[in-house]
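S.K.: Counting from 1, one number per residue, gives the positions in the sequence shown under the UniProt record's numbering.
All C-beta atoms in this analysis are idealised placements derived from N, C-alpha and C, irrespective of residue type, glycine included.
Here the structure is a predicted model, which means the values were calculated and not measured.
Take a look at the following structure, please.
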Amino acid sequence: MSGQGAGLGGLALPLPGGGTARLRGGPFAACPAEGFALCLDGGAANRRRATLLLPIPDFGVPDDLPALRAALAATVAALRAGEAVYVGCRAGLGRTGLVLGCLARRSGVTEEPVAFIRRHYHPGAIETAAQEAFLREASLDG
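Laid out in C-alpha cells, this is it:
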C-alpha cells in the first residue's frame with residue numbers, strides 16, 4: 001500500500017431509504033486530500049485533515065457512545081450527499097473495521113457484522129475480542 005489515498009479497501013453499504021454508497025478505509029496517514037474523513041487515531045500526524053475526529057484507543061472500543069452515534073450519523077449523511085468518505089486509524093484494521101461494522105449495522109446490513117467486515121473490507125479487520133463484542137452488542141441507535 002503506497003501512495004496518498006491508497007487505503008486498505010472499499011466497502012459498499014446500503015443507504016437508509018434506498019441506494020448504495022461506497023466508502024474506503026485504511027490507515028489515516030493514507031487519507032485522501034478531498035472528501036469526508038473520519039479519523040479514529042487521536043495521534044495521527046494528519047488528524048487536522050479530518051472532517052471528524054473520534055479518538056478510540058488502539059485495540060480498543062469507543063468510550064463515548066453518543067459521540068460514536070453522532071459520527072455514524074454524520075458519515076451516513078456524507079455518503080447520502082455523494083461525498084467520498086474515508087475512515088481510518090493507525091493501521092486501518094481494528095478501530096477502522098469496528099467503525100465500518102457499526103456503519104454497516106446502522107445501514108441495515110443483516111449479515112453477522114464481524115464476518116461481513118472481514119469478508120467485504122479486510123480479513124484482518126476487527127482485531128480484539130472486545131471489538132468483536134462491541135460491534136455485535138452496542139446500541140447504535142440513539
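Contact between the region 88-101 and the region 117-131 is defined here as three or more beta-carbon pairs at a separation below 8 Å; is this criterion met?
M.R.: Cβ pair count under 8 Å is three or more, so yes.
S.K.: Could you check what DSSP says for A59 in three-state terms: helix, strand or coil?
M.R.: Per the sequence shown, residue 59 should be read as Phe rather than Ala. Of the three classes helix, strand and coil, the one that applies to F59 here is coil, per DSSP.
S.K.: Can you give the Cα-Cα distance for F28 and G18, rounded to whole angstroms?
M.R.: The alpha-carbon atoms of F28 and G18 are separated by roughly 29 Å.
S.K.: Are the region 79-96 and the region 20-40 in contact at 8 Å, needing three or more beta carbon pairs?
M.R.: Touching, yes, given that three or more Cβ pairs across the two stretches are closer than 8 Å.
S.K.: Measuring CA to CA, which of P14, G9 and A74 is closest to A30?
M.R.: For A30, the nearest C-alpha among the options comes from G9.
S.K.: Measuring alpha carbon to alpha carbon, tell me which of D58, A12, R48 and G35 ends up nearest A130.
M.R.: The shortest C-alpha separation from A130 is found at D58.
S.K.: At 3 residues or longer, and completely inside the region 9-82: list those beta strand (DSSP E) runs for me, N to C.
M.R.: The qualifying runs are 9-14, 20-27 and 36-39.
S.K.: Would you mind stating whether S107 and P16 have Cβ atoms separated by less than 8 Å?
M.R.: Result yes, Cβ atoms of S107 and P16 sit closer than 8 Å.
S.K.: Output the boundary residues of the beta strand (DSSP E) element that contains G124.
M.R.: Premise fails: G124 is in no beta strand (DSSP E) and is neither H nor E.
S.K.: Can you list, in chain order, the residues of its chain whose CB lies under 6 Å from that of A84, leaving out five sequence neighbours each side?
M.R.: Closer than 6 Å at the Cβ level, and outside the excluded window around A84, lie G35.
S.K.: Between T128 and L103, how many whole angstroms is the CB-CB distance? I'm expecting something under 8 Å.
M.R.: Rounded, the Cβ-Cβ distance is 19 Å, inconsistent with contact.
S.K.: List the whole-angstrom C-beta distance separating P55 from G42, where the pair is believed to meet the contact cut-off of C-beta under 8 Å.
M.R.: At roughly 3 Å, the Cβ-Cβ gap stays under 8 Å, so P55 and G42 are in contact.
S.K.: Report the three-state DSSP secondary structure of Y88 (helix, strand or coil).
M.R.: The question names Tyr, but residue 88 is Gly in the sequence shown. G88: strand per DSSP, three-state reduction.
S.K.: Straight-line CA distance for G60 to A44?
M.R.: Answer to the nearest angstrom: the Cα atoms are 16 Å apart.
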